[in-house]
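So the protein lines, in turn, are chains A and B.
First residue of the first sequence: 1, per the working numbering; consecutive thereafter.
First residue of the second sequence: 1001, per the working numbering; consecutive thereafter.
Encoded as structure tokens, the structure appears first; notes follow it.
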Amino acid sequence: MSDFLHILDILRPYVAGIALLSGGVIVLIGASGVLRLPDFYTRLHAAGVTDTLGTLLVLLGLILLSGFTLLSGKLALVGLFLLLTSPAATHAVANAAHKAGLKPRLGTVKSQAPGEASGDPS
Amino acid sequence: MNGEFLTPIDAFTVIDLIFMSMLVVVGIAIVRLKDLFAVVMLSGVYSLVSAAWFVSLDAVDVAFTEAAVGAGISTVLMLGAMLLTARQAAPTKPARHWVALIVVCATGAALLYATVDMPSFGDPLSAPNAYIGLEYLKRTGPETGVPNVVSAVLASYRGYDTFGETTVILTAGLGVVLILGLGGPAIKRKKAPAKTKAAKANQSKILGAHHVVLRVISKLMIPVIIIYGAYVQFHGDFGPGGGFQAGLIIASAIILYALIYGIDAAKEAVPPSLVRLGAALGVLIYGGVGVINLLLGGNFLEYNILNPTHPAHGQELGIMFVEIGVLVTVASVMLIIFYGFTSRQPDIKDKDW
């Protein structure tokens, strides 16, 4: 049993590294999505979804790195706070845009001028 | 002063440079944009990036204040102000302003010239690192018993300055009141008889259905935010925090309530008369601590006298009361400004956000 715990303790920094790295990659994917996707709602989707998962993975990595301490407890609280507020904020933004009458863009995306792609009235 | 010491180029310096270039980019974007909404949001981004930069410089107290003031409450207040005006800046004719260009170039050249005299970043022999900073670090522990040197310097060694700042905040609130009015119950009186009870219930039902996610989340969050404000207030002796940040956090919790449940509900929970009282009361508490010191035979804001056998305990007590005064004034003035802005509108309409 203690061997098993020992192995877990050795593995901990590696798991933390994987979580941090994948969190960073997911945030990067979200950023590229915000730049590349065609309309407001898809961009919001990229930002909201990846931000929640990415930051939570980063926080998970940090918790694993700091071990069972007060710091990791605070990080877990930050994670809980983000888990609640981040989707709510995304919802509020999407709701406001819908209320303001912004229609999502439907149909297939044709190749277009770059000025047109970013020119929605958000 | 400069010369021997060179700032080492390590990962932190690179991060600092990245943050500074982001600040420059955001600043240029703010100057060039005409959409006021985007400008307000970008100024919040500017504050958040500079807060991150302050963290990287190990100035967590300043970073905390910057995040709470710049990215938090001032963005909300600017949005409130924007509801009273247009969303676009007035179009200006494209022209060359030669005088302005000359002034900017001269000021920039003078600032660049002045940086030559500044010590290198992290120079151990520079004036703040060599004499006065060390002195504060050495004396704070025995003299005040407060582990966070920043709090001790702010509330005790520089107590006069902080008293001045608190008064400045009260004066700012008074200025807003003079321009925009007190945000009293005038609107409520106008609105109340026009609506029957059924219509009101119907409307609130629609509102509830519409914002149900936000209502649930904010109901969960507002108590936690206020508790966090109290933690920041009373933990300010040990870590970053204090009256200014705590006041902003508590004010923003109430502003969040007002945004989701409507201004009238917020005014019922925290009446404007209470807020007006609080703004003056905070300064009174701060000044009162000083006057008590005077009456006990000490100097103004000399907290040692509060506990003659244990001067350090007196310091702790004085710092705590003074910070409570700061908290009350800051939170109240923020709410005065918010009420002042929003009371000019009938209500915050759904489509406005």
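Backbone N, C-alpha and C fix where the C-beta goes; we use that ideal spot for every residue, glycine too.
If you're wondering where the values come from, they're calculated on a predicted model, not measured in any experiment.
Against chain B, with Cβ distances strictly below 8 Å, would residue i count as a contact?
i: A:T108; result: no
i: A:A19; result: no
i: A:L88; result: The residue asked about is misnamed: residue 88 of chain A is Ala in this sequence, not Leu. Yes, contact with chain B.
i: A:S122; result: Confidence at A:S122 is low in this model, with a pLDDT of 43, below 50, so its placement is unreliable and the value that follows should be read with caution. A:S122 does not count as touching chain B.
Helix, strand or coil for residue i? Go by DSSP, reduced to three states.
i: B:D1035; result: strand
i: B:L1125; result: coil
i: B:I1009; result: coil
i: B:T1171; result: helix
i: B:S1343; result: coil
i: B:D1058; result: coil
i: A:L80; result: helix
i: A:P87; result: helix
i: A:P13; result: helix
i: A:G115; result: Confidence at A:G115 is low in this model, with a pLDDT of 48, below 50, so its placement is unreliable and the value that follows should be read with caution. The answer is helix: DSSP assigns A:G115 an H, G or I state.
i: B:P1147; result: coil
i: B:R1139; result: helix
i: A:T69; result: coil
i: A:L100; result: Residue 100 of chain A is actually Ala in this sequence, not Leu. It is coil, neither helix nor strand.
i: B:A1067; result: helix
i: B:P1193; result: Note that B:P1193 has pLDDT 42, beneath the 50 cutoff, so the model's placement of it is unreliable and the number below is only indicative. Of the three classes helix, strand and coil, the one that applies to B:P1193 here is helix, per DSSP.
i: B:G1181; result: coil
i: B:L1084; result: coil
i: A:T55; result: helix
Does any C-beta atom of chain A lie closer than 8 Å to the C-beta of residue i?
i: B:L1214; result: yes
i: B:G1208; result: Below a pLDDT of 50, predicted positions are generally treated as unreliable, and B:G1208, at 49, falls in that range; the measurement from the model is reported next regardless. No, B:G1208 lies away from the interface with chain A (no Cβ there is under 8 Å from its Cβ).
i: B:A1192; result: Its pLDDT being 41, under 50, B:A1192 is placed unreliably in this model, and the value from its coordinates should be taken loosely. No, because no Cβ of chain A sits closer than 8 Å to the Cβ of B:A1192.
Kindly list, in the order they appear in chain A, the residues whose Cβ is closer than 7 Å to that of residue i.
i: B:I1255; result: Near B:I1255 there are no residues of chain A at all, since even the closest Cβ is about 15 Å away, more than 7 Å.
Under 8 Å Cβ-Cβ, which residues of chain B neighbour residue i?
i: A:H91; result: V1213, L1214
Name the chain B residues whose beta carbon is nearer than 9 Å to that of residue i?
i: A:T85; result: I1217, M1221
* To do: Please go through the segment 1207 to 1283 of chain B and give each complete alpha helix (DSSP H) segment of 4 or more residues, from N-terminal end onward.
  => 1212 to 1234, 1243 to 1261, 1263 to 1269
* Asked: Which ranges does the beta strand (DSSP E) cover as unbroken runs of at least 3 residues, wholly within the segment 1291 to 1330 of chain B, from first to last along the chain?
  -> none
* List in chain order: all unbroken alpha helix (DSSP H) runs of 4+ residues lying wholly within the segment 1088 to 1120 of chain B. => 1098 to 1115
* To do: Run through the segment 19 to 47 of chain A for me and flag every whole alpha helix (DSSP H) of 4 or more residues, listed as ranges in chain order.
  => none
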